[in-house]
Amino acid sequence: MNDLFLHVVIAIVVGIASGSIFFLVYRTSQKNQREDVQKLRESLIEDARKEAESVKKEAVVSAKDLAYQLKVEADKELKERTREVTRLENRFRQKEEQLEKKLDQAEKKEQEFARRERELNAREKSISDKEAEALNLVKDQMTTLERIASMRSDEAKQELFRRVEDDAKFEIVKLAKKIEDDAREAAEKKAKEIISLAIQRYSSDFVADATVSAVSLPSDEMKGRIIGREGRNIRAFEAATGVDLLVDDTPEVVTLSGFDPVRREVARLSLERLVHDGRIHPARIEEIVEKIKKEVDATIREEGEKAVFDLGVSGVHPDLIRTIGRLKYRTSYGQNILQHSKEVAYLAGMMAAELGVDEKMARRAGLLHDIGKAIDHEIEGSHQEIGGVLAKKYGENEFVVNAIISHHGEVEVNCVESGLVAAADALSAARPGVRKESIENYLKRLGKLEELALSFDGVEKCYAIQAGREVRILVKPEQVNDELSSMIARDLSRKIEAELTYPGQIKVTVIRESRYVDYAK
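In terms of my numbering, the sequence shown opens at residue 4 and continues consecutively.
In structure tokens form, the structure reads like this:
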């Protein structure tokens, strides 16, 4: 019993001890687990903190990169905005300068209008004073007339008013004539100064070489080789060039005849090369002529481009440049037209610069003013009309076209540059030595012009002017009325066309003038 009890006690003690030990072990295990959890938690927190710091750093770097990109884009946009603002400022500044210039011009015009208004007011006051004086004279004369002439009052009024009106008109016309004469005198003085200055500044060769139509041969034996067997060489040459080849008795010379100066130049150069080469037969003739045509075309283009470049003219149509080059082979009275056109361009440009108008347009119009002479043998009409049509076709502006068609006075000018081109053309054509027409033939032509004009009834005087380009006729007003004057102009033009040979065209002007003279005693 005691043993059982002892065993029970021991079992209880052992159970209690085991429970205590288990509890201690459990507590120790729980404590260790808590420590492990704590350590794990702390490790997780540390890892999370490190990861957060890493993310934070990456976020900061990304934010800095984004901020830098935004700054670069902002700077770029700012620069673009700055350039745009600068451009707008420059544009506004230019506009402001233009407005200031226009304002200055408007102020000058306003001052000019004010000055003219003052002059007109002064004239009106003068006229009013004269009218008042005239009314006083009317009253005095009316009383005198009624007393002396025993006229009725209404008749005396009418007579006096008529006389006063005539006197007032005369005074007004006299005043207008004086103002007009003063203005013309000042304008002529200024024009002479400008023209003389332009002539002094420009210097040119005395006269340009003219295109010849005769070819020298080494011997008369060469004529037979040029003609060929049964004339086959000369026929081939004329067919290839379009120019007549005249072989006459003149020693060691043959003559080329053709209306086209370019064809004539091609024929001249081809014949010279054939003579120098010595091989003259139809196939060789065609070969040489084709080669010379290409060389002449290249020369024409080069001459046109050189003229445009020398004068500083830009934007000329290529076909028009080639037409300018053709003027190298065109002459008038022995004067080379290309050289004449360049001279006119220089003179017109100088005068335009002195007057403060468009110098470039004056040079352009001067270079193109005789462009019609390059093709006037191909198209019917005067060289002014042909040139105007040609310039309009290739896009030249209306002022240049007007300068071309008006430089001989047939059309009214519409700008200052057109008048300058006409003046420069007259200067270039009229200076000494520029033309080779013999004085004998020149005087005969002018004499024949005047003789034809004087053959009409009612013609009092006639003058051939502008180097024979115009004949001016004064008719007797008591014998010839306006209708008959028109008929004389038309009939004389037809008579000149039928009986005279002349370059270009001749203007016929008929003037019918009536004069009334009275004397104050």
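Glycine is no exception: its CB is placed at the ideal position from the N, C-alpha and C atoms. If you're wondering where the values come from, they're calculated on a predicted model, not measured in any experiment.
Going by CA-CA distance only, name the one from the options that's closest to residue i.
| i | options | result |
| --- | --- | --- |
| Arg165 | Asp185, Asp184, Leu138 | Leu138 |
| Ser344 | Gly390, Met364, Gly461, His372 | His372 |
| Asp223 | Val256, Leu341, Val141, Asp322 | Val256 |
| Gly231 | Leu178, Leu274, Pro285 | Pro285 |
| Asn400 | Lys296, Glu420, Lys67 | Glu420 |
| Leu452 | Asp170, Ala467, Asp460, Gly461 | Ala467 |
| Ala456 | Leu487, Lys498, Gly422, Val483 | Lys498 |
| Tyr397 | Asp460, Leu358, Pro321, Ile19 | Pro321 |
| Val360 | Glu415, Ile327, Gly422 | Gly422 |
| Asp460 | Gln469, Pro480, Gly450, Leu446 | Pro480 |
| Ile514 | Arg37, Ile476, Asp50, Gln36 | Ile476 |
| Ile130 | Glu502, Glu45, Glu162, Ile175 | Ile175 |
| Lys296 | Asp280, Glu308, Lys309, Val265 | Val265 |
| Arg287 | Ala179, Asn236, Gly245, Gln161 | Asn236 |
| Thr504 | Leu73, Ser488, Arg448 | Arg448 |
Mapping DSSP to helix, strand and coil, what is residue i?
| i | result |
| --- | --- |
| Leu358 | helix |
| Ile408 | helix |
| Asp212 | With a pLDDT of 38 at Asp212, under the threshold of 50, the modelled position of that residue is not reliable, and the figure given next carries that caveat. Note: Asp212 maps to coil in three-state DSSP. |
| Val416 | coil |
| Asn400 | coil |
| Ser431 | helix |
| Gln482 | coil |
| Ala65 | Checking the sequence, you will find Ser at residue 65 rather than Ala. Helix. |
| Asp185 | helix |
| Asp50 | helix |
| Ser335 | strand |
| Asp247 | strand |
| Ser385 | coil |
| Val40 | helix |
| Ser317 | coil |
Give a yes or no on whether the C-beta atoms belonging to residue i and residue j are separated by under 8 Å.
| i | j | result |
| --- | --- | --- |
| Lys500 | Val478 | According to the sequence shown, residue 500 is Glu rather than Lys. Going by C-beta atoms, Glu500 is not nearer than 8 Å to Val478. |
| Ala427 | Val311 | no |
| Arg366 | Leu430 | no |
| Ala406 | Ala377 | no |
| Glu275 | Ala243 | no |
| Lys133 | Ala171 | yes |
| Val474 | Val511 | yes |
| Ser385 | Gln508 | yes |
| Glu306 | Gly328 | yes |
| Arg325 | Ile303 | yes |
| Ile374 | Glu388 | no |
| Glu268 | Val218 | no |
| Met353 | Phe402 | no |
| Leu330 | Leu341 | yes |
At the level of alpha carbons, what is the spacing between residue i and residue j?
| i | j | result |
| --- | --- | --- |
| Ile182 | Glu122 | 12 Å |
| Leu69 | Gln97 | 41 Å |
| Val392 | Ser317 | 20 Å |
| Ser517 | Val424 | 34 Å |
| Lys226 | Leu259 | 13 Å |
| Ala394 | Gly471 | 27 Å |
| Val404 | Leu91 | 38 Å |
| Leu102 | Lys128 | 37 Å |
| Asn339 | Ala239 | 30 Å |
| Arg271 | Ile382 | 24 Å |
| Val319 | Glu233 | 49 Å |
| Asp247 | Ile491 | 40 Å |
| Val167 | Tyr522 | 17 Å |
| Arg282 | Leu220 | 14 Å |
| Val64 | Glu56 | 12 Å |
| Gln108 | Cys465 | 47 Å |
| Glu241 | Ala301 | 22 Å |
| Glu54 | Arg94 | 58 Å |
| Thr146 | Ala135 | 17 Å |
What residue range is occupied by the uninterrupted alpha helix (DSSP H) comprising residue i?
| i | result |
| --- | --- |
| Ile476 | That residue, Ile476, is in no alpha helix (DSSP H); its beta strand (DSSP E) goes 473-478. |
| Glu500 | 485-502 |
| Val513 | Looking at the DSSP string, Val513 is not in any alpha helix (DSSP H); the run it does join, the beta strand (DSSP E), is 510-515. |
| Asp251 | Asp251 -> no alpha helix (DSSP H), and no H or E assigned at all. |
| Ala243 | 235-244 |
| Lys294 | 285-314 |
| Lys226 | 224-230 |
| Arg325 | 321-329 |
State the start and end residues of the unbroken beta strand (DSSP E) segment that holds residue i.
| i | result |
| --- | --- |
| Ala467 | 462-468 |
| Ser610 | In the structure as shown, the chain begins at 4 and stops at 524. Residue 610 is therefore absent and cannot be evaluated. |
| Ser273 | Segment 264-280 is the alpha helix (DSSP H) holding Ser273; no beta strand (DSSP E) there. |
| Ala217 | 217-219 |
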